[in-house]
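Peer 1:
Here's what the structure looks like:
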């Protein structure tokens, strides 16, 4: 079940800024490594941690850490099949974060 978007207070203004989910989304995309990983999920691809590690040339531990940050930012989603966890792009999470970001930018700028 989806949790409501949490809002962060903008210090000194008494106004809400971006929701914490959207902040996590922006953090998730803030790394060149995570941006490279996201390109692997183009066209609906679903990959395991090992496949992500192999295709990006990083260790499985690093791939797992990066995928965790992407999942926290609702950029990817995961499913378990036995002992293997598969990841794919989270279209709904991405669209929700982009909609909030667009609304925020229209208001503030």
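Residue numbers (UniProt numbering): 1 to 109.
A virtual CB, placed ideally from N, CA and C, is assigned to each residue, including glycine.
(1) Could you spell out the range, first to last residue, of the alpha helix (DSSP H) harbouring residue 21?
(2) Cα-Cα, which of 18, 81, 62 and 85 is closest to residue 33?
(3) Restricting to Cα atoms, I'd like to know which of 91, 83 and 102 is closest to residue 45.
(4) Can you tell me which of 58, 51, 69 and 49 puts its alpha carbon nearest to the alpha carbon of residue 26?
(5) Please name the residue in 18, 108, 39 and 83 whose C-alpha comes closest to that of residue 76.
(6) Grouping DSSP H, G and I as helix and E and B as strand, with all else coil, what is residue 103?
(7) Tell me where the alpha helix (DSSP H) around residue 53 begins and ends.
(8) Between the Cα of residue 88 and the Cα atoms of 59, 30, 22 and 48, which residue gives the shortest distance?
Peer 2: In brief:
(1) 20-28
(2) 62
(3) 91
(4) 69
(5) 39
(6) helix
(7) 49-56
(8) 48
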